[in-house]
Amino acid sequence: MRSLLRWETALVFLLVVVALGGQVSTDGAFLSGGNLFYLGLDIGEIALIALPLTLVIVAGEIDLSVASVLGLSSALIGWFWNAGWPLETILPVVIFIGALAGAVNGLLVTRLGLPSLAVTIGTLALYRGLALVVLGDTAVADFPAAYTAFGTTPVPGTNIPYPIALAALLAVLFGIALHASSFGRSVFAIGANEEGARFSGIRVKRIKLSLFVLAGAVAAIAGVVYTFRFSSARADNGLGLELAVVAAVLLGGVSIFGGKGSLFGVLAGVLLLGGLRNLLILQDTSTEVLTIVTGLLLLVSVLAPSITRRLATLRKATT
Amino acid sequence: MNTRLVLALVVSGAVALTACGGTTKDSAGQNTGAPTGTAAADPKAPLKEGLKITFLPKQVNNPYFTVAQKGAEQAGTAIKSEVKATGPSDAAASSQVTYINTAAQQRQNALVISANDANAVAPALKTARQQGLKVVTFDSDAAPDARDVFINQATAQDIAVGQVKMIAEAIGGSGEIAILSATPNATNQNAWIETMKTELAKPEYANVKLVETAYGNDDDQTSFQKTQGLLQAHPNLKGIISPTTVGVAAAARYLSSSEYKGKVQLTGLGTPNQMRKFVQDGTVKSFALWDPSQLGYLATYAAAALASGQITGAEGEKFKAGDLGERTIGAKGEVVLGPPTVFTKDNIDKFDF
């Protein structure tokens, strides 16, 4: 726990360095209201999906199908809209279908005992395929301005984009669920030692299933946000986004082996990845360098916690 | 959590909402309100120096756009302005939005963009324009109310007339021809084919007879097989027009390795790099495509003219575009580059894309 706290301190420190360094090197453009607003819009979907995914990874599982669920939900919005459905009906139905997609993942993992990595690589392809069947390579774009404003304008009287306000609200809920409830304690227990958790009376399968359902539903919500942000419903929306989300969660100090992590760290990780990307683009860094930096950060995020842990044991041994 | 209860609530809520109606495709008013330039154009305004122009292709490291970028940089040097190329490594619908926002943050004067998705980039372009950025689209247009000027590579008329002329010359003015298109519902292809038919009805083409239009679905293998099919179905076929870069390359590959090489003529829209060996081995006499470097060049001049206040994007305004001469803005803010460039054995080695 102590080494983890230290990793989060390091993250906050890195965030401050990026913010100040960015501010100086871009002549104040980086921390300007306009740029922060765009930064917020850019990380909106990642922040949303990272919340339930943190719980999934803490419980020792993974869900790689989230970006495909986002694409499927976007494609369905376009399809239903073309069919003349009202948006007020489309949105709950699409979020429900997202939850169903999550339930399929969860059932395959809990009922058949399959590894979630394999299951969700499969459904990653399956859900994206379904999205393409639904909408093909066309785009639906004629959504009313009242809805697309959700993805492009700030909450009145503030500089906060709506998607970020939504993510903040959900972050509080997920934070309470993970860190201040018996449900959260069970999630940590499952990730740390599944057998032990089962023997101490935790309903492991039910909790895992509910986590996958949550991940699917929130990914569908992210699909709604994405569709209105670009006022474009497409089957290929969010292609490859799962890697950015997993990177942010791991950078946030969540152990890929389960049992360790905090939502606070993940939010810092999302901000750090998004902020760094924004800063590099603002400084005209080429796309290749951008990809390399993201890759290096991901490596660091997987290595750092284990290095700090070893250092801690080493220190204990020498004293 | 009782999942059955949640399910029941969601379903009943959805049904209730459907019943009372709501925001549907039919009820929603179209998003109108085109933000047109309010400032008046001053045709005598000098072209400003030191303008900052961002060049944003669909995708970086794409050969076609690298050539367009060279043209843009050439124009930038000529007008003493800084042209900076940037962009995403993938051509996904939304990848360009970050770069549009960044250009606005960097206080660039103008943005020259080929839109991956006409609508996905529109909100960001509109915001950027409100912040003073001038927006020129080229190659692929964005929603017309999200940009100032669109540089169109060629009109359907220019393309169709040119294709018919090339095949008629290649077959010596008489004989059966066929068209190998992309997909049956490709809007631009169908518009070209319609215009080709109108053109073929003219007296000078009285001896040229269009016998079939085949579809290769812009797939290499399918186009290859369709070419084979056309030749078997029409033993007297003298020529094929394939106005798609995938189709024309596949057809050329089939012809060059068959007994029909040099006997059945082929033309279409293709890139010089794809078609070079077929022009050199005599399979193809001539084909056409616009020159992407001229496209980037013209778009950059339009961006500079906008940023200098010479034009606002209104129909009828004129601006000078360096070596390409004076250009006039047409309906809907469109400027046409001109008839496609015709590539033959004589000039093909001057092009690399």
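Just so you know, the protein sequences line up as chains E and G, in that order.
The first sequence finishes on residue 319 if you use full-length UniProt numbering, and the numbering steps up by one all the way, no holes.
The second sequence finishes on residue 353 if you use full-length UniProt numbering, and the numbering steps up by one all the way, no holes.
We treat Cβ as the ideally placed atom computed from N, Cα and C, and that holds for glycine.
Taking the Cα positions, Glu334 of chain G is about 10 Å away from Gly316 of chain G.
Counting only Cβ-Cβ distances below 7 Å, Lys44 of chain G has no contacts in chain E at all, with the closest Cβ about 34 Å away. According to DSSP, residue pairing for Phe55 of chain G in a beta bridge involves G:Ala85, G:Val112. For Asn105 of chain E, the secondary structure class from DSSP, reduced to helix, strand or coil, is helix.
Assignment of Lys44 of chain G by DSSP, reduced to helix, strand and coil, places it in the coil class. Counting along the chain, the unbroken beta strand (DSSP E) around Ala178 of chain G starts and ends at 175-181. In this structure, the alpha-carbon of Thr198 of chain G lies about 12 Å from that of Glu204 of chain G.
Glu334 of chain G sits in a strand when the DSSP states are folded into three classes. Nearest CB-CB separation between Ala167 of chain E and chain G: not below the 9 Å threshold. Interface criterion met: the Cβ of Ala118 of chain G is under 9 Å from a Cβ in chain E.
Every beta strand (DSSP E) of 3 residues or more that sits fully in the segment 99-167 of chain G is shown, in chain order, as 110-113, 134-138, 149-152. In the DSSP annotation of this structure, the continuous segment of the beta strand (DSSP E) that includes Ser286 of chain G starts and ends at 286-289. Following the DSSP letters along the chain, one finds Phe319 of chain G inside the beta strand (DSSP E) bounded by residues 318-320. Looking at the DSSP output, Thr120 of chain E shares a beta bridge with no other residue.
With the rule of 3 Cβ pairs closer than 8 Å, the segment 250-264 of chain E does not count as touching the segment 25-36 of chain E. Boundaries of the alpha helix (DSSP H) harbouring Thr245 of chain G: 245-256, taken from the DSSP string.
Contact between Val94 of chain E and Thr123 of chain E fails: their C-beta atoms lie close to 17 Å from each other, not under 8 Å. With its beta carbon at least 9 Å from every one in chain E, Lys70 of chain G lies outside the interface. Burial check for Ala168 of chain E: the Cβ neighbour count within 10 Å stays below 16, so the residue is exposed.
Here the alpha carbons of Val218 of chain E and Gly113 of chain E stand approximately 24 Å from one another. Taking 9 Å as the threshold, the shortest C-beta distance from Tyr99 of chain G to chain E falls below it. Positions of the alpha helix (DSSP H) runs, each at least 4 residues long and wholly inside the segment 176-204 of chain E, are given as 182-192, 194-199 in order along the chain. Contact between Gly71 of chain E and Arg128 of chain E holds, with the beta-carbon distance rounding to 6 Å and staying under 8 Å.
Within a 10 Å sphere around the beta-carbon of Lys202 of chain G sit fewer than 16 other beta-carbons, which makes this residue exposed. The Cβ of Thr152 of chain E sits closer than 9 Å to at least one Cβ of chain G. Shown here, Thr213 of chain G sits in a strand according to DSSP, grouped into three states. Look at Ala186 of chain G here: in three-state DSSP terms it is coil, with no helix or strand label. Lys345 of chain G and Val279 of chain G do touch by the CB rule: their CB atoms are close to 5 Å apart, below 8 Å. Closest by C-alpha distance to Trp7 of chain E, out of E:Leu130, E:Glu288, E:Arg315, E:Ala268, is E:Ala268.
Annotation: the continuous beta strand (DSSP E) that includes Leu266 of chain G extends over 265-268. Between Arg234 of chain E and Ala120 of chain G, the C-beta gap is smaller than 9 Å, which places the two residues in contact.
Residue G:Ala122 holds the alpha-carbon nearest to the alpha-carbon of Pro144 of chain G among G:Ala122, G:Val60, G:Val161.
Interface with chain G (9 Å Cβ-Cβ cutoff): Glu288 of chain E is included. Taking a Cβ-Cβ cut-off of 8 Å, the neighbours of Gln105 of chain G in chain E comprise Ala29, Ser32, Gly34, Asn35, Tyr38, Leu282, given in sequence order.
By the C-beta density criterion, Ala331 of chain G is exposed, having fewer than 16 other C-beta atoms within 10 angstroms. DSSP, read as helix, strand or coil, puts Glu326 of chain G in strand.
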